[in-house]
Amino acid sequence: RKLLKPSKWTTEVAGTKQLQCYYYAFYPELREWHTNIHQYVGGDYENACSTREGMRKYEAARLFGSVVDDGCQMIPPIDCGGLSGVDACNMVKKHMVPYANIDGKNMECWLS
432 RKLLKPSKWT
442 TEVAGTKQLQ
452 CYYYAFYPEL
462 REWHTNIHQY
472 VGGDYENACS
482 TREGMRKYEA
492 ARLFGSVVDD
502 GCQMIPPIDC
512 GGLSGVDACN
522 MVKKHMVPYA
532 NIDGKNMECW
542 LS
């Protein structure tokens, strides 16, 4: 789901930074998120690549799948150490908490 109005700083700075992360060949969805991040994540932040340790966590979360059920109101603690903010948001929103809560609201990411 895309943001209605990303911040000006994010659009002009983070959104235009071209990255070449080593894991793009394995995770094309992350290349797309890094390229168009200003449309998905709010806040003012630097776009960056994750560490290898962080990508191991990402892969484990992707394979494990959702940590909540549809309509859930609480999520368990999530370890995002080693992940860039952008990759952490992708991991949480797309793989770990992909469902809306009982009010129909999806998880949003705000980085700062």
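For the sequence shown, the numbering used here assigns the number 432 to the initial residue and increments by one for each residue that follows.
Even glycine gets a Cβ: it sits at the ideal position worked out from N, Cα and C.
Computed from a predicted model, the values in this text were never measured in an experiment.
#1: The alpha helix (DSSP H) spanning residue 488 covers which residue range?
#2: So, does the segment 456-471 touch the segment 497-510, judging by three or more C-beta pairs under 8 Å?
#3: In this structure, what does DSSP give as the bridge partners for residue 516?
#4: Out of curiosity, what's the CA-to-CA distance linking residue 521 and residue 484?
#5: Please determine, among 515, 488 and 529, the residue with the shortest C-alpha to C-alpha distance to residue 464.
#6: Check whether the Cβ atoms of residue 458 and residue 497 sit closer than 8 Å, and answer yes or no.
This is what the structure gives:
#1: 483-495
#2: no
#3: Beta-bridge pairing links residue 516 to no other residue.
#4: 16 Å
#5: 515
#6: no
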